[in-house]
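Residue numbers (my numbering): 3 to 174.
Below you'll find the structure, written out as structure tokens, and then a few comments.
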């Protein structure tokens, strides 16, 4: 990838408005975990095409990964305004709310997701994690069971459910 990054940089010096290459370099930087570099290219791309929801989503994810949750929420909000049933944007917004300590907003977002798609295991898992943190082990186990039922090979709910059983001894 280092050679590709160098090549992209050379071409973009000569053709700074080449949005296809800018998008490709941003995607490569995302894959490499260079989220801040990806954001720079996504910002330039969005200056040219501010309505590109895919680029906005990718930038939102980059912000999420570097813990700039407020910035990520702004991007996910714009996507959801334009496409209200975008479950991925809604889920990542819920994660950002959760990570920034806004657990009630995260839970409300998960409820919204589940009202659109009843089989969204990640939303059930997040509701379970929120219930677990609140010490509501019975609800945590309920939500985590739903996540496992919807997607049996999704491992995170098993880990969370184990903790709920361990902490809430009455529900084992």
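We put the CB at the ideal spot given by N, CA and C, even for glycine.
On a predicted model such as this, the values are computed, not experimentally measured, just so you know.
* Asked: From which residue to which residue does the alpha helix (DSSP H) around residue 165 run?
  -> Counting from one through the chain shown, the residue named residue 165 turns up at place 163. Element bounds for residue 165: 158 to 169.
* Alpha carbon of residue 112 to alpha carbon of residue 96, nearest angstrom -> For the purposes of this step, residue 112 is taken as residue 110 along the chain shown, with counting starting at 1. For the purposes of this step, residue 96 is taken as residue 94 along the chain shown, with counting starting at 1. Cα to Cα, residue 112 sits roughly 7 Å from residue 96.
* Asked: What whole-angstrom Cβ distance do residue 142 and residue 128 have, given they're in contact under 8 Å?
  -> For the purposes of this step, residue 142 is taken as the residue at position 140 of the chain shown. For the purposes of this step, residue 128 is taken as the residue at position 126 of the chain shown. That pair is no contact at about 11 Å.
* **Per-residue burial, residue 78 [other beta carbons within 10 Å of its own, 16 or more giving buried]** => Locating residue 78 in the chain shown gives position 76, where the first residue counts as 1. Counting Cβ neighbours within 10 Å, residue 78 comes out buried, since at least 16 surround it.
* State the Cα-Cα distance for the pair residue 87 and residue 166, rounded to the nearest angstrom. => Sequence index remark: in the chain shown, residue 87 carries index 85 (1-based). Sequence index remark: in the chain shown, residue 166 carries index 164 (1-based). About 31 Å.
* To do: Identify every run of the alpha helix (DSSP H) within the stretch 59 to 106, keeping only runs that are complete inside it and at least 4 residues long; order them along the chain.
  => 71 to 84 and 89 to 101
* Give the C-beta separation of residue 170 and residue 140 to the nearest angstrom, bearing in mind that I take them to be a contact with Cβ-Cβ under 8 Å. => Indexing the chain shown from 1 puts residue 170 at position 168. Indexing the chain shown from 1 puts residue 140 at position 138. Yes, residue 170 and residue 140 are in contact; Cβ-Cβ is about 7 Å, under 8 Å.
* Asked: Which class does residue 53 belong to by DSSP, given the choice of helix, strand or coil?
  -> Taking the chain shown and counting its residues from 1, the one referred to as residue 53 is at position 51. It is coil, neither helix nor strand.
* Using a Cβ-Cβ cut-off of 6 Å (strictly less than) and excluding sequence neighbours within five positions of residue 62, which residues of its own chain qualify? -> Numbered from 1 along the chain shown, position 60 holds the residue referred to as residue 62. Around residue 62: 74, 77 and 78.
* N-terminal and C-terminal residue of the alpha helix (DSSP H) that residue 25 is part of -> Sequence index remark: in the chain shown, residue 25 carries index 23 (1-based). It spans 21 to 34 - the alpha helix (DSSP H) in which residue 25 sits, taken as one unbroken run.
* To do: Could you say which of 65, 66, 21 and 31 lies nearest to residue 50 if we only look at CA atoms?
  => Position 48 of the chain shown, counting from 1, holds the residue named residue 50. Looking at the Cα atoms, 21 is the closest of the given residues.
* Asked: When you compare only the Cα positions, how much space is there between residue 121 and residue 115?
  -> In the chain shown, the residue the question calls residue 121 occupies position 119. In the chain shown, the residue the question calls residue 115 occupies position 113. Using only the alpha carbons, I get a separation of about 9 Å.
* To do: Return helix, strand or coil for residue 137, following the three-state DSSP convention.
  => For this step, residue 137 is matched to residue 135 along the chain shown. Note: residue 137 maps to coil in three-state DSSP.
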